[in-house]
Amino acid sequence: MISQDTIIINGNEFSFEPEDTILDIAQRNDIDIPTLCHLKGTAPTGACRVCVVEVEDRRKDLRPACSTSAASNMIVQTESP
């Protein structure tokens with residue numbers, strides 16, 4: 001049996017493929033993360049920082065969703081207080 005990697009976004013668990021970014025997973029699951037510099041078909045730059053989300057894995061910090069690769073057991077908040 002193949003184990004599927006999962007990520008938690010806003011308290012909900014989602015499976016993902018190794019090449020997925022946080023933004024890819026969010027968009028696929030109808031979670032709105034605003035973007036400005038992210039264009040389909042181009043390499044993500046993370047330059048505008050509009051898509052920044054709170055990420056907790058080894059530490060808790062803010063990262064651009066468009067250029068942050070998903071990791072197993074990562075916890076993401078898109079609407080931090």
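Position 23 of the sequence shown, counted from 1, bears residue number 23 in UniProt numbering, the numbering being contiguous throughout.
Using N, Cα and C, we set each Cβ at its ideal position, and we do this for glycine too.
Residue i (DSSP reduced to helix, strand or coil)
i   : result
D24 : helix
Q4  : coil
K40 : coil
C-alpha gap between residue i and residue j, whole angstroms
i   : j   : result
E79 : E54 : 8 Å
I33 : D61 : 17 Å
M1  : M74 : Its pLDDT being 47, under 50, M1 is placed unreliably by the model, and the measurement read from it follows with that caveat. Straight-line Cα distance between these residues: approximately 22 Å.
Proximity to residue i [Cα-Cα], best of the options
i   : options               : result
E56 : Q77, A43, Q4 and N12  : Q77
N29 : T42, E13 and R49      : E13
H38 : P81, D5, N73 and T68  : T68
K40 : L23, I9 and Q4        : L23
V50 : Q27, N10, P64 and I25 : P64
Extent of the continuous beta strand (DSSP E) run through residue i
i   : result
E13 : N12 to S15
Buried versus exposed, by CB contacts within 10 Å (16 or more), residue i
i   : result
T21 : buried
A47 : exposed
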